[in-house]
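Below: the structure, in structure tokens.
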Amino acid sequence: MKRLLKIVDVCTRVEGHGTVKILLQNDEISNVDFEIQSNRGFESFLIGKKLNDIPKIVSRICGLCYASQTIASCKAVENFFNISTPEQSILLRHLLLFGELIKSHSMHFYFQSLPDLFQIFDISQKLFSPYELIRYDSQLTTYIYELIKIGNEIEKIFGGRSVHLITSIPGGIVYLPSRKDISMARKYFQKAKINLEFIIDKFIGVFSNRVPPEEYDLPNVMYMGLNNFGNFNRYSGTLKIKENVKNSIEFEEKNYSSYFEKDINLRGIDFHFDKNKRFLVGPISRYKITENYENDNINTYLGYFDKSWQNSVLFSNFLRLIEMYFETQQGLIILEEPVLNRRTILPSLTSLKNSEGIGVIEAPRGMLLHHYYINDNEIIKKAKIFIPTEINIPIINDTITKYAQELYNRTGDINIVKKKIQTIIRAFDPCISCVAH
Amino acid sequence: MKPRFIIISLTSCSGCISTLISLDIFPQFLERTKIIYFPFILDVEKIEDCDIALVEGCISEESEINLLKEVRKHAKKVYALGTCAAFGGILSLSNSKDIKPISDFIQIDGIIPGCPPPSKLFGNILIRLIENKDTSLSEKVLCANCPLRENMEKILDTDIIKINPNPEEIILGEENSDCFLKRGILCLGPITREGCESKCIKLGLPCEGCMGPVSKDFTSNIINFLSLVKLSKDLINYEGIFYRFSKPKLRR
Chain A
171 MKRLLKIVDV CTRVEGHGTV KILLQNDEIS NVDFEIQSNR GFESFLIGKK LNDIPKIVSR
231 ICGLCYASQT IASCKAVENF FNISTPEQSI LLRHLLLFGE LIKSHSMHFY FQSLPDLFQI
291 FDISQKLFSP YELIRYDSQL TTYIYELIKI GNEIEKIFGG RSVHLITSIP GGIVYLPSRK
351 DISMARKYFQ KAKINLEFII DKFIGVFSNR VPPEEYDLPN VMYMGLNNFG NFNRYSGTLK
411 IKENVKNSIE FEEKNYSSYF EKDINLRGID FHFDKNKRFL VGPISRYKIT ENYENDNINT
471 YLGYFDKSWQ NSVLFSNFLR LIEMYFETQQ GLIILEEPVL NRRTILPSLT SLKNSEGIGV
531 IEAPRGMLLH HYYINDNEII KKAKIFIPTE INIPIINDTI TKYAQELYNR TGDINIVKKK
591 IQTIIRAFDP CISCVAH
Chain B
4 MKPRFIIISL TSCSGCISTL ISLDIFPQFL ERTKIIYFPF ILDVEKIEDC DIALVEGCIS
64 EESEINLLKE VRKHAKKVYA LGTCAAFGGI LSLSNSKDIK PISDFIQIDG IIPGCPPPSK
124 LFGNILIRLI ENKDTSLSEK VLCANCPLRE NMEKILDTDI IKINPNPEEI ILGEENSDCF
184 LKRGILCLGP ITREGCESKC IKLGLPCEGC MGPVSKDFTS NIINFLSLVK LSKDLINYEG
244 IFYRFSKPKL RR
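Heads up: the sequence lines are chains A and B, in that order.
Under this note's numbering, read the first sequence as residues 171 to 607, first letter to last.
Under this note's numbering, read the second sequence as residues 4 to 255, first letter to last.
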């Protein structure tokens with residue numbers, strides 16, 4: 171007789187509520203699934219809403235990716251009117267995305283991935299709480315808390331508050347920065363740069379000479395993300411799917427549905443591009459798609475890591491530091507733009523041009539796309555939201571299933587399997603709140 | 004002895020938790036307390052006795068009720084963290100889920116309202132909790148200390164035709180001078196608790212009610228407000244203006 175056993179383990183140190191379901195069949199692992207508990211139904215209660223009402227509602231999808239959600243949504247609404255957003259607003263949106271990324275990435279790095287890295291590379295097995303981490307390295311801890319605060323302050327200055335921004339509305343940003351705001355923000359970015367150089371040096375010193383374990387290797391995947399002429403830019407660009415140097419494809423956001431589409435039940439994303447391939451979005455894909463950071467320091471930093479790192483999902487931890495470092499410097503450049511505190515009038519959103527609107531952006535965890543449809547009364551009749559982590563779930567499941575099977579065969583210890591799977595999931599940095607939209 | 008804290012999330016966006024971690028006083032909070040359960044940053048799986056539990060998120064599933072009751076059993080005080088836990092929050096808009104604030108299932112000792120809770124208010128309440136001091140909130144509505152108060156309309160006879168000003172109407176860098184209700188824009192200041200420092204209003208946008216109601220009888224407040232303003236037909240038929248953040252209670 172076949173013996174079936176289902177083991178459920180709750181994920182900790184992740185954003186939101188996730189569980190891992192391990193299926194044992196005759197004492198062999200047949201499948202492992204990373205599951206998101208519930209769907210909150212945002213796509214269904216957006217139906218019936220007015221267009222300019224949407225961005226602040228969708229902000230509440232996620233308390234970490236709020237700026238990305240709102241800005242992608244504003245872009246989608248603006249798409250209905252074919253208006254061009256004032257340059258000043260676009261620059262401010264960049265700053266808001268930078269602040270969000272600094273906050274989100276540093277929280278993930280410190281609370282979620284660093285304890286795992288210490289354990290994976292056998293540096294310490296017991297640095298699992300902020301209390302222990304402070305004792306282990308108080309300087310690093312201080313620098314991380316400062317980064318979180320800096321991200322937060324950038325949002326407060328230009329967004330009106332730290333989470334669920336007030337200033338971001340369809341049409342632009344309703345805020346005119348003062349000279350004082352700009353000089354404060356400059357101080358924050360300058361401090362962030364110093365902190366990040368320290369943390370990056372530390373990371374290189376501790377980890378670059380070690381070889382990441384094979385179980386964290388990425389299988390052959392298709393990297394997807396926004397491409398802005400090979401530059402690193404999370405606000406705009408064309409969509410690119412890249413398998414390797416030879417094989418890639420690029421298309422405009424309005425044609426996305428020729429390549430991928432929401433699952434019929436709005437749970438998950440299907441790629442018609444190549445059904446056997448897995449897709450990845452987020453820092454690793456952005457790294458693969460970026461051709462030039464135009465920053466000597468970054469090129470030097472990246473040079474410390476060999477192929478064994480570049481194929482590992484653990485490399486994303488380093489890339490998160492690099493992304494913060496890059497955007498910190500971009501922030502400093504933007505703050506010098508004279509248009510930033512020039513009086514601007516936002517465009518009017520009265521003359522409708524399209525019955526659909528699409529907005530795409532690179533959220534901290536990858537490509538985020540909003541697509542809305544309206545009826546004759548300019549009321550939403552359908553909404554589709556493509557969440558980065560939704561795209562990554564199949565590859566997360568493949569990776570944890572393969573490793574769990576191998577580890578269980580070798581050790582026969584389900585508790586070790588449970589623990590190890592969690593570190594792999596955390597390395598992918600899933601945003602469960604977003605998936606459970 | 005350091006007060007022992009539990010911090011849990013139910014159905015939520017984790018925005019209150021991320022606000023907590025990015026508060027200026029968070030390092031101080033860690034130092035002055037003992038956090039014994041906080042899945043966002045700790046691996047601990049078991050809920051034990053604590054002095055204070057902060058609960059983020061609303062109830063949308065059966066399993067959450069059990070977890071909530073378990074927390075109540077182990078905590079001397081339970082606080083609803085954020086508007087979802089306190090009043091239901093954004094999912095009050097949901098047409099498929101029957102969501103509820105946590106006070107529908109357990110006795111609570113206080114709330115930290117807001118979507119997310121304003122940093123200053125949040126930080127002050129945390130310090131007062133650590134020091135075992137009174138944490139009661141202002142019972143005034145937002146209008147009481149509104150920056151536009153001087154130009155506030157006493158008799159509201161303007162037709163309310165919009166819930167948002169048009170982007171081109173907002174003059175960047177200047178404080179708006181007129182009460183929104185006078186300009187025909189719906190502002191929920193009259194039925195929303197103060198404590199947010201009127202951030203939206205200062206930026207030229209009306210209050211949406213994210214701090215939640217002052218009195219527990221939210222529904223009668225809305226009825227009262229509706230009897231004082233003239234809503235356009237378009238807005239009367241528009242769903243989810245008044246219960247965008249707070250779910251009205253139906254008592255039978």
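Glycine is no exception: its CB is placed at the ideal position from the N, C-alpha and C atoms.
Original post:
Whose CA, out of B/Ile-93, B/Ser-106, B/Leu-33, lies closest to the CA of B/Met-214?
Top reply: Comparing Cα-Cα distances from B/Met-214 to each of B/Ile-93, B/Ser-106, B/Leu-33, the minimum goes to B/Ile-93.
Original post:
Cβ of B/Pro-193 within 8 Å of Cβ of B/Cys-146?
Top reply: Closer than 8 Å, so yes.
Subject >> N- and C-terminal bounds of the alpha helix (DSSP H) containing A/Phe-373 >> reply: Per DSSP, A/Phe-373 belongs to the alpha helix (DSSP H) from 349-377.
Original post:
How is B/Lys-80 classed by DSSP in three states: helix, strand or coil?
Top reply: Three-state result, B/Lys-80: strand.
**OP:** Would you check if there are 3 or more beta carbon pairs closer than 8 Å linking the segment 394-410 of chain A to the segment 257-268 of chain A?
**Re:** Three or more pairs of CB atoms, one per stretch, sit closer than 8 Å, so the segment 394-410 of chain A contacts the segment 257-268 of chain A.
Subject >> A/Met-394 beta carbon less than 8 Å from that of A/Val-451 >> reply: In contact: A/Val-451 and A/Met-394 (Cβ atoms closer than 8 Å).
Original post:
Is B/Thr-22 close to chain A, meaning its C-beta is less than 8 Å from at least one C-beta of that chain?
Top reply: With a threshold of 8 Å between beta carbons, B/Thr-22 makes contact with chain A.
**OP:** State the beta-bridge partners of A/Ala-533 as determined by DSSP.
**Re:** Bridge pairing for A/Ala-533: A/Gly-536 [DSSP].
Original post:
Taking one C-beta from the segment 590-599 of chain A and one from the segment 27-40 of chain B each time, how about it: are there three or more such pairs within less than 8 Å?
Top reply: No contact exists between the segment 590-599 of chain A and the segment 27-40 of chain B.
**OP:** Could you tell me whether the segment 79-91 of chain B touches the segment 15-22 of chain B, where touching means 3 or more Cβ pairs closer than 8 Å?
**Re:** Two segments are said to touch when three or more pairs of C-beta atoms, one from each, lie closer than 8 Å; by this definition the segment 79-91 of chain B touches the segment 15-22 of chain B.
**OP:** With 8 Å as the threshold, decide whether the Cβ of A/Asn-222 is near any Cβ in chain B.
**Re:** True, the Cβ-Cβ gap to chain B drops below 8 Å.
Original post:
Is A/Ile-324 closer than 8 Å to A/Ser-276 when the C-beta atoms are compared?
Top reply: Cβ distance not < 8 Å, so A/Ser-276 and A/Ile-324 don't count as in contact.
Original post:
In three-state DSSP terms, what is A/Thr-408?
Top reply: A/Thr-408: strand per DSSP, three-state reduction.
Original post:
Is the segment 532-543 of chain A close to the segment 234-247 of chain A, with three or more CB pairs under 8 Å?
Top reply: Contact annotation: the segment 532-543 of chain A touches the segment 234-247 of chain A, with at least three C-beta pairs closer than 8 Å.
**OP:** Tell me A/Gln-195's beta-bridge partners as DSSP assigns them.
**Re:** Under DSSP, the beta-bridge partners assigned to A/Gln-195 are A/Leu-174, A/Glu-198.
Original post:
Exposed or buried, what is A/Asn-365 when buried is set at 16 or more other beta-carbons lying within 10 Å of its beta-carbon?
Top reply: Looking at its Cβ environment, which holds 16 or more other Cβ atoms inside 10 Å, A/Asn-365 is buried.
Original post:
A/Lys-588 lies in the alpha helix (DSSP H); which residues open and close that run?
Top reply: 584-597 is the span of the alpha helix (DSSP H), which, as asked, contains A/Lys-588.
Original post:
Would you report the Cα separation of B/Asn-98 and B/Ser-63, rounded to the nearest angstrom?
Top reply: Near 12 Å, if we compare the C-alpha coordinates of B/Ser-63 and B/Asn-98.
Original post:
Taking 8 Å as the CB-CB limit, is B/Gly-207 close to chain A?
Top reply: Under the 8 Å criterion on CB atoms, B/Gly-207 is classed as interfacial with respect to chain A.
**OP:** Buried or exposed for B/Gln-110, please, with buried defined as at least 16 other CB atoms from any protein chain shown within 10 angstroms of its CB.
**Re:** Label assigned to B/Gln-110: exposed.
Original post:
In chain B, what lies closer than 8 Å to A/Tyr-306 by C-beta?
Top reply: Neighbours of A/Tyr-306 on chain B: none; closest Cβ ~14 Å, over 8 Å.
Subject >> Segment contact, 8 Å Cβ cut-off, at least three pairs: the segment 551-569 of chain A with the segment 448-466 of chain A >> reply: Yes, the segment 551-569 of chain A is in contact with the segment 448-466 of chain A.
**OP:** At 7 Å on the CB atoms, spell out the chain D contacts of B/Lys-202, in chain order.
**Re:** As a matter of chain content, chain D is missing from the structure shown, whose protein chains are A and B.
Original post:
So who's on the other strand from B/Val-144, going by DSSP bridges?
Top reply: Paired residues: B/Arg-196.
Original post:
Can you tell me whether A/His-278 is buried or exposed, with buried defined as 16 or more other CB within 10 angstroms of its CB?
Top reply: It is buried - the Cβ of A/His-278 has at least 16 other Cβ atoms within 10 Å.
**OP:** Flag this pair as touching only if the segment 496-514 of chain A and the segment 369-388 of chain A have three or more C-beta atom pairs under 8 Å; answer yes or no.
**Re:** Taking a cut-off of 8 Å on C-beta distances, the segment 496-514 of chain A does not touch the segment 369-388 of chain A, as fewer than three cross pairs fall below it.
**OP:** Identify whether A/Met-394 lies in helix, strand or coil by the three-state DSSP scheme.
**Re:** Residue state, collapsed to three classes: strand.
Subject >> Reference A/Ser-418; option with closest CA among A/Ile-459, A/Ala-553, A/Phe-430, A/His-442 >> reply: Of the listed residues, the one whose Cα sits closest to A/Ser-418 is A/Ile-459.
Original post:
Any idea what DSSP makes of B/Glu-211, helix, strand or coil?
Top reply: B/Glu-211: coil per DSSP, three-state reduction.
Original post:
In terms of alpha-carbon separation, which member of B/Asn-169, B/Leu-140, B/Phe-125 lies closest to B/Ser-218?
Top reply: Ranked by Cα distance from B/Ser-218, the options B/Asn-169, B/Leu-140, B/Phe-125 are led by B/Leu-140.
Subject >> C-beta neighbour in chain B for A/Gly-211, strict 8 Å >> reply: Contact of A/Gly-211 with chain B is assigned, a C-beta pair being separated by under 8 Å.
**OP:** With a threshold of 16 other CB atoms inside 10 Å of the CB of B/Val-58, please say whether the residue is buried or exposed.
**Re:** Its Cβ being crowded by 16 or more others within 10 Å, B/Val-58 is buried.
Subject >> Backbone CA spacing between A/Ile-370 and A/Lys-296 [nearest angstrom] >> reply: As the crow flies, the alpha-carbon of A/Ile-370 is around 23 Å from that of A/Lys-296.
Subject >> As assigned by DSSP and simplified to three states, the class of A/Tyr-345 >> reply: In the three-state DSSP reduction, A/Tyr-345 falls in the coil class, being neither helix nor strand.
Original post:
Cα separation between B/Arg-131 and B/Asp-137?
Top reply: Cα-Cα distance, rounded: 7 Å.
Original post:
How many Å lie between B/Glu-197 and B/Gly-187 at the Cα?
Top reply: The alpha-carbon atoms of B/Glu-197 and B/Gly-187 are separated by roughly 22 Å.
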